[in-house]
Amino acid sequence: MLYVGSLIAILAISNSGCICFLLNTNDEYQVWLTTGDMTKKLNREPSCMVTNNHHGYSVWVDRNKRRQTIDGFGAALSNSAAYVLFHSPNRHVIMRDLFGTDENQLGVSYLRLVMGASDLMAVDAYTYDDLANSRDTDFNMSHFTIQKDKDFVIPVLKEALVINPSLTILASPWSSPAWMKMSHKLFGGDFNNGQQYMNAYALYFVKFIEAYQTEGIHIDAITIQNEPLLSRDDYPTMNMNLDVTKAFIRDHIGPMFRKRNINTKILVWDFNWSGAWFPEALVNDGAVKQYIGGVAWHGYDGRHDAPDAFHTKHPDVDNYFTEFSGGGWDGGNFSALLTSFTRLIFIGQTKSWSKNVLLWNLALDEHNGPHYHVGGCGNCRGVITVPSGGGYSKNVEYYAMGHMSRFVKPGAVRLETNNFGWDELQAVAFVNLDGTTVIVVQNPNTSRPASFSLDIDAKHYQYNNLPPQSVVTFVK
């Protein structure tokens, strides 16, 4: 029997979602759902209200245990990504979808900018100080120029910044100019560790940061070298071993940044979870560590919780996740990929103390390119696909990212949540600067739905039958 002025009990019934006895119709979490069977993709669902009828898993969130601050979510703006975005007849629509911060937009808040060339190129590979004869030298950077970036990379960045002025940009080189390398080639080889070359390369970074600042684009962080232990002869890569990296940071780029009052963070490693020994050696050297702003990780090899173990040893060193890609090798199964991207990358890395989560290419064409005169990854998949004839499609990466990037804003703080088994619920929670709470829950199990209550602020919010291999985001 219902009485005016008393708490009202209402039973809401559906196959899945928030099935609960309502205690206060103003106390609710908004809900967005993506299902492994693709019937729902970031769909807005009925709100989840506070209840006294809770069962299943208990996903608890402790507001008093605040973890790392989140800088943002996004992907890399490779040369190819910038090219397909810039030349699309739907460019402005796509850009608003990617960088807009409205409820139905992706909300990319962090970009990784390729400094010059990588294995995803729409033009011939280049750096910012190329010489006609790679055996010549230019220690003073008199030939330095970012002119080629002005063709389409910088215009795309500027448009993104108009849409989202708080966008954070990290820049990473795949190679120094060829004349700075022992091989004198852009594709593969070792960095020349002579003092003049290391000083020139430090100046190269300074010139890059200053040139971009002149364009109105602030570079928040750089990595010293993308995948520093990888050398390939079919696309720009460069070996930069541990001793060379130490000397470069300690004696050259670190002091030069400090002397010139450059506040751009210096991140190290920028390679796989399996290589934690490399950043360990760097941060264990105090003369090097003083210049290090964090460690960047890739997710192609090793345990996904390696950054968590690193944080346990070095709680004063920030972690960043800077690259992971899907592609032709992964089978393209939406439910399996949604599961792996969410469990290992978006939930996995934020729970392992990463301040950001970045995928590889933000956008590629229908051939997973362009690939102009370079080898490397010929079947990497972008977050979106932008065919040359117009239009665009959202790949599984879009939806996995969107469950966080739409709702978790820069400056948010991760809150402690409990853990379950590998094939049981995965959950992570955040509080934004405006006080809104975001909780992302995944059911990675391949066959069983999962019911659970969100237990937070001494209240319970019941969600029933989250389908297998599905993800749900709660916002209040």
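Under mature numbering (1 follows the signal peptide of the UniProt record, and there is no 0), residues -20 to -1, 1 to 456 are what the sequence shown spells out, in order.
Think of the CB as a built atom: it goes at the ideal place given N, C-alpha and C, for glycine as much as any other residue.
Just so you know, these numbers come straight off a predicted model, no measurement behind them.
Taking residue 351 as reference, the option from 59, 40, 12 with the minimal CA-CA separation is 59.
Around the beta carbon of residue 193, fewer than 16 other beta carbons lie within 10 angstroms, which makes this residue exposed.
When beta bridges are read from the DSSP output, residue 39 appears opposite 434. With at least 16 other beta carbons inside 10 angstroms of its own, residue 447 counts as buried. Spanning the alpha carbons of residue 256 and residue 247 requires a straight line of approximately 14 Å. One thing to note: residue 301 has its Cβ within 8 Å of the Cβ of residue 337.
Between residue 41 and residue 409, the C-beta gap is smaller than 8 Å, which places the two residues in contact. When the alpha-carbon of residue 355 is set against those of 33, 401, 213, the nearest one is in 213. The C-alpha of residue 348 is placed about 33 Å away from the C-alpha of residue 225. Here DSSP, grouped into helix, strand and coil, assigns residue 373 to strand. The distance from the Cβ of residue 369 to that of residue 70 is about 10 Å, inconsistent with a contact at the 8 Å cut-off. Counting the other CB atoms within 10 Å of its CB gives residue 148 a total of 16 or more, which places it among the buried residues.
Secondary structure note for residue 317: its alpha helix (DSSP H) is the uninterrupted segment 314 to 320.
Assigned with DSSP and collapsed to three states, residue 331 falls in coil, not helix or strand.
Where residue 287 is concerned, the enclosing alpha helix (DSSP H) starts and stops at 286 to 293.
Spatial neighbours of residue 20 in its own chain (CB-CB distance under 7 Å, excluding positions within 5 residues in sequence) are listed in chain order as 13, 14. In the structure shown, residue 15 falls within a coil segment according to DSSP collapsed to helix, strand and coil. Residue 268 sits close to residue 230, with the two beta carbons spaced by under 8 Å.
A direct Cα-to-Cα measurement between residue 287 and residue 8 gives close to 34 Å. At a Cβ-Cβ threshold of 8 Å, residue 411 and residue 453 do not count as neighbours. Per DSSP, the unbroken beta strand (DSSP E) holding residue 92 starts and ends at 90 to 95. With a beta-carbon spacing of about 5 Å, residue 136 and residue 65 fall inside the 8 Å limit used to define contacts. Cβ-Cβ distances below 6 Å link residue 67 to nothing in the same chain once the five nearest sequence neighbours on each side are left out.
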